[in-house]
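>
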Amino acid sequence: DVLVNNAGVGAGTDLEESDLAHWRFVHSVNLEAVFMGTQNAIKQMKRTGGGSIVNISSIEGIIGDPRSAAYNASKGGVRLFTKSAALYCAEKKYDIRVNSVHPGFTKTPMAASVEGVFGPEDLQRIQREIVVGHMAEPVDQAYGVLYLASDESRYVTGTELIIDGGYTCH
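Dropping the structure here:
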C-alpha cells in the first residue's frame with residue numbers, strides 16, 4: 237500500500253500584514269491534512285502488512301523565505317512530522333516506511349503564482365541559483381516519489397529527498 241500526501245497552498249504574504257486566519261488556513265492544508273492522511277494510512281497499512289507513506293514538503297520547509305512564513309513553517313512541520321512518523325512506525329515494528337520529498341522550483345500552476353509574490357529580479361536570481369540551470373518538470377518530482385513508494389526503497393525511512401536541481405547547495 238502507498239499513500240502520497242500531496243497538497244499545498246501558500247500565497248506569500250508580508251509577515252506583518254498576514255493574519256491568523258491565513259496562517260491557520262495554510263497549516264490546515266499543508267500540515268494538518270498530512271497528519272490526518274498519515275494517521276489513517278498507518279491504521280490501514282498495519283492491517284494489510286505495511287506500506288510506504290510519502291509526504292510532499294518543499295525546499296521552503298528547509299531554507300525559509302521572508303515572503304512566505306506560513307508556507308515555510310507548515311512545510312518545515314511536514315519535514316519533522318515525517319521523521320516522527322517514521323520513528324513511530326519503526327518503534328511499533330510496523331512494516332511502514334515514511335519519507336518526505338522536498339521539491340524545488342517546479343513548473344506547476346503553484347509556481348506560476350509565485351510571479352505575483354516575487355519580483356522579476358528575484359525570479360532571475362532563483363533561476364541562476366538552480367545549479368542545473370532550469371526549473372524542474374513535474375515528472376522530475378514524480379520519479380522521486382515513485383522511488384520512495386516502490387520496494388526499491390525498502391531500506392529507506394525517515395529520509396528527506398530533495399529534488400531541486402541543486403538550488404539548496406548554496
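Count along the sequence shown from 1, then add 236; that gives the number in our numbering.
Just so you know, even glycine gets a beta-carbon here, dropped at the ideal spot from N, CA and C.
1) If you draw a straight line from the alpha carbon of residue 308 to that of residue 286, how long is it in whole angstroms?
2) For residue 400, does the count of other Cβ atoms within 10 angstroms reach 16, so buried, or fall short, so exposed?
3) Compare the Cα-Cα distances from residue 320 to each of 363, 393 and 241 and report the closest residue.
4) Shortest alpha-carbon distance to residue 375 belongs to which of 387, 403 and 342?
5) CB-CB under 8 Å to residue 238, same chain, minus the five flanking residues each way: which ones, in chain order?
6) In three-state terms, what does DSSP make of residue 312?
7) Taking the beta strand (DSSP E) that residue 291 falls in, what are its first and last residues?
8) Closer than 8 Å to a non-hydrogen atom of the ligand COA - does that hold for the CB of residue 288?
9) First and last residue of the alpha helix (DSSP H) that includes residue 398?
10) Residue 265 bridges to which residues according to DSSP?
11) Which residues in the same chain as residue 314 place their Cβ atom closer than 7 Å to its Cβ, once the five residues preceding and following it in sequence are excluded?
12) Bridge partners for residue 333 per DSSP, in chain order?
13) Leaving aside the five residues before and after residue 262 along the sequence, list all residues of the same chain whose C-beta is less than 7 Å from its C-beta, in chain order.
14) In or out: residue 369 buried (at least 16 other Cβ within 10 Å) or exposed?
15) Once the 5 residues before and after residue 312 are set aside, which same chain residues still bring their CB inside 6 Å of it?
16) For residue 339, name the three-state secondary structure that DSSP assigns.
17) Report buried or exposed for residue 367, applying the criterion of at least 16 other Cβ atoms within 10 angstroms of its Cβ.
Let me lay it out:
1) Straight-line Cα distance between these residues: approximately 31 Å.
2) Residue 400 is buried by the Cβ-count criterion.
3) Out of 363, 393 and 241, 393 has the C-alpha closest to the C-alpha of residue 320.
4) A check of alpha carbon separations from residue 375 across 387, 403 and 342 identifies 342 as the nearest.
5) Within the same chain, and ignoring the five residues on either side of residue 238 in sequence, the residues whose Cβ sits closer than 8 Å to its Cβ are 287, 288, 289, 290 and 385.
6) Looking at residue 312 - three-state DSSP - the assignment turns out to be helix.
7) First-last of the beta strand (DSSP E) with residue 291: 287-292.
8) Of the ligands one can find in the structure shown there are none, so the ligand COA has no counterpart to examine.
9) In the DSSP annotation of this structure, residue 398 is not part of any alpha helix (DSSP H); the continuous beta strand (DSSP E) holding it starts and ends at 396-399.
10) Residue pairing by DSSP places residue 265 opposite no residue, since no beta bridge is assigned to it.
11) Counting only Cβ-Cβ distances below 7 Å, and skipping sequence neighbours, we find 266, 267, 270, 291, 293, 297 and 336.
12) Its beta-bridge partners are 288.
13) Within the same chain, residue 262 has close Cβ partners 245, 246, 306, 307 and 310.
14) Answer is exposed; the Cβ neighbour count stays below 16.
15) Excluding residues within five positions, the ones whose Cβ falls inside 6 Å are 297.
16) Residue 339: strand per DSSP, three-state reduction.
17) Exposed, because fewer than 16 other Cβ atoms sit within 10 Å of the Cβ of residue 367.
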